[in-house]
Every structure is written in C-alpha cells, then in structure tokens.
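Engineer: Once you've had a glance at the structure underneath, I'll fire off some questions.
In our numbering, the protein residues as written are 1435 to 1576.
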C-alpha cells in the first residue's frame, strides 16, 4: 500500500500547526513506525474535546484485546477547541485496516468504546493514513 506524505501542517507526533498536544499514550516501544494515521473529530468546544479524549483513554485502559499493531497515540486540540486530531502510530497501514475490519473502530465492543463512539459534542470527521516522517526522509534520499 503506497501512502502519501504527511500534510505540511503536521510537523511530527508532538507538533501540529494550530493545535496543542493535550494527551498522549501507548507503549512507544522499539517497533518501527510504518504508518501514521490522522483521525479527525469535530467537537462543539474545548470542554467536549478534552472530555472526548479522556473517554478514549478510559476505553483504551479497559480494552480486553488491544491490536498488536498499534504503537502510540497523541491527541491534539485545535486552538478554537472545535477539532481534535489523533496522531496515531501503527506498525503498518494493514494493521490499521485490520483493526477497523469489524466495523467497530479500533476497540472491542465494550461500554467504554460505545461511549467514545456516541459521545455528545463529538463527531467523526475523517481518517487518513500517511507515511511516517522518517520514511519520508528515507524515500527522498533513495
């Protein structure tokens, strides 16, 4: 699967123009990042954005079957509070596709994930897969 380059406003896991890193997590182990997924969620305001992100972390903490291809997630809130971007690192794009294959998102069918998916004041806006920055540099050199 050929992945496009990250958009210019995304400078890396911890820096996205116009957004502030709110919360991040994941094992951040030594696995190589093969895919960056930008998950965009529109929110009513900053309070809803923070509460939605917090609900994701509650769901992740109680996840009975975490997908082995997920490496980390960094949640950023736009300056006006009306959008969230999750900069998610995956081992491969296929791992991310597989994690979504049951139609329930990346989590199991738990109460925590149902809360995330039906959170008042938060609406899914998009999911895009990209080459991670390190692979972009390697591709330019080759």
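For each residue, glycine too, the CB sits at the ideal point set by N, CA and C.
1) Which class does residue 1567 belong to by DSSP, given the choice of helix, strand or coil?
2) State the Cα-Cα distance for the pair residue 1441 and residue 1544, rounded to the nearest angstrom.
3) Would you call residue 1560 buried or exposed, if buried means 16 or more other Cβ atoms sit within 10 Å of its Cβ?
4) Taking residue 1517 as the reference, which of 1459, 1557, 1541, 1562 has the closest Cα?
5) How long is the line joining the alpha carbons of residue 1452 and residue 1509, rounded to whole angstroms?
6) Can you tell which of 1503, 1467, 1457, 1504 has its C-alpha closest to the C-alpha of residue 1484?
7) In whole angstroms, give me the CA-to-CA distance for residue 1467 and residue 1528.
8) Roughly how many angstroms separate the alpha carbons of residue 1495 and residue 1567, rounded to a whole number?
9) Relative to the alpha-carbon of residue 1504, which residue among 1438, 1439, 1470 has its alpha-carbon at the smallest distance?
10) Would you kindly report the start and end of the unbroken beta strand (DSSP E) that includes residue 1510?
11) Mind reading off the beta-carbon distance from residue 1492 to residue 1555? Whole number of angstroms is fine, and I expect it under 8 angstroms.
12) Quick one: give me the first and last residue of the beta strand (DSSP E) that residue 1472 is part of.
13) Please classify residue 1495: does DSSP put it in a helix, a strand, or coil?
14) Across which residues does DSSP place residue 1525 in a beta bridge pair?
Structural biologist: Well, looking at it:
1) helix
2) 33 angstroms
3) exposed
4) The candidate whose alpha carbon is nearest that of residue 1517 is 1557.
5) The alpha-carbon atoms of residue 1452 and residue 1509 are separated by roughly 13 angstroms.
6) 1457
7) If you take the alpha carbons of residue 1467 and residue 1528, they lie about 12 angstroms apart.
8) 28 angstroms
9) 1470
10) 1504 to 1512
11) Incorrect: roughly 16 angstroms between the Cβ atoms, too far for contact.
12) 1469 to 1477
13) helix
14) Answer by DSSP bridge pairing: none, since residue 1525 is not bridged.
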